[in-house]
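Student: The structure under discussion is supplied below as structure tokens; questions concerning it will follow.
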Amino acid sequence: MTELIDKNNLRVDGRKLDELRPIKMQVGILKNADGSAYIEWGKNKIIAGVYGPKECHPKHMALPDRALLKCRYHMAPFSVDERKSPQPSRREIELSKIIREALSPAILLEEFPRTAIEIYIEVLQSDGGSRVASITAASAALADAGIPMKDLVVGCAVGKIDGKIVADLSDIEDKEGEVDLPVACMPNLNSVTLLQSDGPLSKEEFKKAFKLALDKCRYVYDIQRKALLEGYLAKTKEA
Amino acid sequence: MSAAERKHEFVDSLRRRQIIDGLSLGKRTDGRGLTDYRELKMEIGAIVKANGSAMVHLGNTIVLVGVKVNLGTPFPDTPDEGILTVNADVLPIASPYEEPGPPDEDTIELARVVDRGIRESHMIDMSKLAIQPGKKVYSVFIDVTVLDVDGNLFDAVSYAAVAALMTTRFKKAVVKGDEVIQSDKMMEMPVKTIPVSITTAKIGSHTILDPDGIEEAVMDARLTTTFDSANRLCATQKGGEGWFTPEEILRQMDIARVKAKEIRSVIKEAVKNAKKS
């Protein structure tokens, strides 16, 4: 087994236990999409684009009282070490679903009956924690599209490696570590919209990890808001 | 692409109100208390052609799991471990909303959540499933067939899969010279712990255990947690279009942790009886 934490409590990439990888975000990067966002989170490079509210196809899927939310999480074939087939894998199908269910509580879908809102997430390069980075980008893209929301959804994963609770697992920490625990929430509404975990955690360990995840979500939330604000200022300058 | 498909009885807002009113009085549509499970019946070993099998009735939900053990080549990143695969199929006879064809996103999620409960609890000692490291290992297929749908497939399938694995027997393979051949000696699945999945649903401000079909139709969100024999949390999956407060999640886990013990003893008893006969 690789040693993931050294004697000075530093991780393989030199981070402290509760330190996140560098995050950069930008909104409004695509011309055609109604809203878009780009996120770099460690080695993750992810684009999210939103179309809608628009006409719902096929029509029989339209809902009489709210918009239909569609979501696709997709990884580029070159985004991982071994080439990934472009066809959606079982993992991508599951993630498309849980990302949709993580974003759906925030959107005022009932404002747009009989329409569809489409979210496309393209992972250009994948590192650990791509689902939470995707959620963070997609929610910024929804806001960029001007779709009314109760709050932004923001995600952050925590985990357990070498017996210690740490924030934001990288690829190697996810593979070699004991536990991965991704969380997404709406910070201002005290609502958790995504929670997954794998690997054994005692009751106390879960409590500690869960709290750490929620704290770190707050931190990412500030980056997300700043990116939206900068995007908006750039747009007003153009106009 | 993922989109919300209607897979249950159409329940209008009045029915939802009625169910929530009932929950406020501590009553559910079928008369259960908020934290009661439906009757859990297990029939173990019914499929003699499989290496292990279990049929589980959880109320009206019926699922059947068969385990087959083959010889296979290990994955390059885990050369000294066996292979575990979970596949699920919700049959068209199981619900008026199912159709024949490849598994949809709900079925894929079901298989993956059950897989995670078994894999991440380290239920099976995968290193004992290696025969010739890097070359030949046992490959364990857990195939799930859902026969009738009335809510909480996650737990029903998980119990069936765990019971089937605990009673799985297969031919031991031996290395002879350069070849790996199956001997006549039988071996049992190397089981280390018994993972138990507990699913709760949030309806309005109420949390209930083991949601049935109509409760799943009106629920806001779902939380499935799996605990190992040491009562550690091993897998979690939130589902549904709604949300939980952090406090609700911690409370749910406290309730689920207690319930998991109860269910584990039911599974143990059923496995013990099956092994006797």
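Protein chains in written order, with my numbering: chain A, 336 to 574; chain B, 40 to 316. Using N, Cα and C, we set each Cβ at its ideal position, and we do this for glycine too.
In its own chain, which residues sit with a C-beta less than 7 Å from the C-beta of E255(B), not counting the 5 before and 5 after it?
Tutor: Answer for E255(B): H47, G190 and A240, listed in chain order.
Student: According to DSSP, is Q221(B) helix, strand or coil?
Tutor: The answer is strand: DSSP assigns Q221(B) an E or B state.
Student: What is the C-beta distance between R208(B) and N90(B), in whole angstroms, given that I count them as a contact (C-beta under 8 Å)?
Tutor: That belief holds up - the Cβ atoms of R208(B) and N90(B) are roughly 6 Å apart, short of 8 Å.
Student: In terms of residues, what are the limits of the alpha helix (DSSP H) holding N312(B)?
Tutor: First-last of the alpha helix (DSSP H) with N312(B): P285 to K315.
Student: According to the neighbour-count rule (16 or more other Cβ atoms, all chains shown, within 10 Å of its Cβ), is K495(A) buried or exposed?
Tutor: That one is buried.
Student: Which whole-angstrom value describes the C-beta separation of I20(B) and I233(B), a residue pair presumed to lie in contact below a C-beta threshold of 8 Å?
Tutor: Nothing can be reported for residue 20(B): it is not among the residues displayed for chain B, which extend from 40 to 316.
Student: Against chain A, which members of the region 266 to 280 of chain B pass a CB distance test of less than 7 Å?
Tutor: Going along the region 266 to 280 of chain B in chain order, one finds D267, R271, L272, C273, A274, T275, Q276, K277, G278, G279 and E280 with a Cβ nearer than 7 Å to chain A.
Student: Could you compute how far the alpha carbon of L168(B) sits from the alpha carbon of I157(B)?
Tutor: Distance between the alpha carbons of L168(B) and I157(B): 15 Å.
Student: For the region 156 to 231 of chain B, list the alpha helix (DSSP H) runs that are entirely contained and at least 4 residues long, ordered along the chain.
Tutor: With a minimum length of 4 residues, the continuous alpha helix (DSSP H) runs that stay inside the region 156 to 231 of chain B are 192 to 205.
Student: Can you check whether the C-beta of N367(A) is within less than 9 Å of a C-beta belonging to chain B?
Tutor: It does not: the Cβ of N367(A) has no partner Cβ on chain B nearer than 9 Å.
Student: Under the rule that 16 or more other beta-carbon atoms within 10 Å means buried, what is L568(A), buried or exposed?
Tutor: With fewer than 16 Cβ atoms within 10 Å of its Cβ, L568(A) is classed as exposed.
Student: Please report the straight-line C-alpha distance between P135(B) and E453(A), rounded to a whole angstrom.
Tutor: Rounded to the nearest angstrom, the two C-alpha atoms are 28 Å apart.
Student: In terms of residue numbering, what span does the alpha helix (DSSP H) encompassing D515(A) cover?
Tutor: Per DSSP, D515(A) belongs to no alpha helix (DSSP H); it is in the beta strand (DSSP E), V514 to M521.
Student: Determine which residues share a DSSP beta bridge with C491(A) and list them.
Tutor: Bridge partners of C491(A): V518(A).
Student: Buried or exposed: where does E280(B) fall if 16 or more other Cβ atoms within 10 Å of its Cβ makes it buried?
Tutor: With 16 or more other Cβ atoms within 10 Å, it is buried.
Student: To the nearest angstrom, how far is it from the Cα of E540(A) to the Cα of I500(A)?
Tutor: Between E540(A) and I500(A), the C-alpha separation is close to 7 Å.
Student: To which residues of the same chain is R407(A) closer than 6 Å at the C-beta, ignoring the five residues directly before and after it?
Tutor: For R407(A), where only same-chain residues beyond five positions count, the Cβ hits under 6 Å are S431 and Y455.
Student: Give me, in chain order, the residues of the same chain whose beta-carbon lies closer than 8 Å to that of L504(A); leave out the 5 immediate sequence neighbours on both sides.
Tutor: Here the set comprises G463, G464, A492, V493, G494, I496, G512 and D515.
Student: Kindly list, in the order they appear in chain A, the residues whose Cβ is closer than 8 Å to that of T284(B).
Tutor: Residues of chain A passing the Cβ test: N525, S526 and V527.
Student: Determine, for H96(B), whether the minimum Cβ-Cβ distance to residues of chain A falls below 9 Å.
Tutor: Cβ-Cβ to chain A under 9 Å: no for H96(B).
Student: Note the first and the last residue of the continuous beta strand (DSSP E) segment covering C273(B).
Tutor: From DSSP, the beta strand (DSSP E) with C273(B) extends over L272 to G278.
Student: Going by DSSP, name the residue or residues bridged to W376(A).
Tutor: For W376(A), which the question treats as bridged, DSSP gives the partners I358(A) and N379(A).
Student: For a contact meaning CB atoms closer than 9 Å, what does S371(A) contact in chain B?
Tutor: The premise fails here: S371(A) is roughly 17 Å from chain B at the closest Cβ pair, so nothing lies under 9 Å.
Student: Can you tell me whether DSSP reads E540(A) as helix, strand or coil?
Tutor: Of the three classes helix, strand and coil, the one that applies to E540(A) here is helix, per DSSP.
Student: Drop a sphere of 10 angstroms on the beta-carbon of F283(B), count the other beta-carbons inside from all chains shown, and report buried for 16 or more, exposed for fewer.
Tutor: Buried, because 16 or more other Cβ atoms sit within 10 Å of the Cβ of F283(B).
Student: Please confirm whether D550(A) has its beta-carbon closer than 9 Å to some beta-carbon of chain B.
Tutor: False, the Cβ-Cβ gap to chain B never drops below 9 Å.
Student: Residues of the region 537 to 562 of chain A with a CB closer than 9 Å to any CB of chain B: list them in chain order, please.
Tutor: Within the region 537 to 562 of chain A, the residues whose Cβ lies closer than 9 Å to some Cβ of chain B are S537, K538, E540, F541, K542, F545, K546 and L549, listed in chain order.
Student: Could you tell me if G98(B) is buried or exposed, where buried requires 16 or more neighbouring beta carbons within 10 angstroms of its beta carbon?
Tutor: With 16 or more other Cβ atoms within 10 Å, it is buried.
Student: Taking Cβ positions, are T264(B) and T246(B) nearer each other than 9 Å?
Tutor: No, they are not a contact pair.
Student: Does the region 138 to 156 of chain B come within contact of the region 50 to 64 of chain B, defined as at least 3 CB pairs closer than 8 Å?
Tutor: Short answer: they don't touch.
Student: If you check the beta carbons only, do A480(A) and V555(A) fall under 9 Å apart?
Tutor: The answer is no: Cβ separation not under 9 Å.
Student: Can you pull the chain A neighbours of I288(B), defined as C-beta to C-beta under 7 Å?
Tutor: Ordered by position in chain A, the residues that pass the 7 Å Cβ test against I288(B) are V527 and L530.
Student: Bridge partners of A370(A), per DSSP?
Tutor: The sequence given here places Gly at residue 370(A); Ala does not occur at that position. In DSSP, G370(A) forms a bridge with V385(A).
Student: Give me the residue from H392(A), R346(A), E390(A) and G363(A) with the minimum Cα distance to I382(A).
Tutor: The shortest C-alpha separation from I382(A) is found at G363(A).
Student: Nearest to N109(B) by alpha carbon, out of Y177(B), P229(B) and V102(B)?
Tutor: Residue Y177(B) is the option with its Cα nearest to N109(B).
Student: Output the boundary residues of the alpha helix (DSSP H) element that contains V50(B).
Tutor: Segment: none, V50(B) is in no alpha helix (DSSP H) and carries neither H nor E.
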